[in-house]
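A short write-up of the structure that comes next.
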Amino acid sequence: TAETELEVVEGMQFDRGYLSPYFVTNADKMVAELEDVYILLHEKKLSNLQAMLPILEAVVQTSKPLLIISEDVEGEALATLVVNKLRGGLKIAAVKAPG
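For our numbering, add 1086 to where a residue sits in the sequence shown, where the first one is 1.
Encoded structure:
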């Protein structure tokens, strides 16, 4: 007989993972765990954050984490996010969009 099952899991997981090990929040598990997070979806590659600076500054003021999901984050954009994460000013992780 065929049986149907439904499993409900809180949270979300990405197959590709974070774009930099500097986004890790749990060093034992080597994962980036963010709670009560803002999510920014971007359909293209991010190589420069100039247009996003107002968004990043607004997120910093809230003290909430930010998850960026885009085709890719590279170069100056990735370096800027990592530096701000390391300085403690921005709780952030960036991942490549699934698909």
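By construction, the Cβ of each residue, glycine as well, lies at the ideal position given by its N, Cα and C atoms.
- The DSSP-derived three-state label of Ala1180 is strand.
- By the Cβ neighbour-count rule, Ser1149 is exposed, with fewer than 16 other Cβ atoms within 10 Å of its own.
- Around Thr1111, the same chain offers Ala1118, Glu1119 as residues with beta carbons nearer than 6 Å, after the five sequence neighbours per side are excluded.
- The beta carbon of Gly1103 sits closer than 7 Å to those of Val1181, all from its chain and outside the five residues before and after it, given in chain order.
- Here the alpha carbons of Leu1176 and Pro1151 stand approximately 7 Å from one another.
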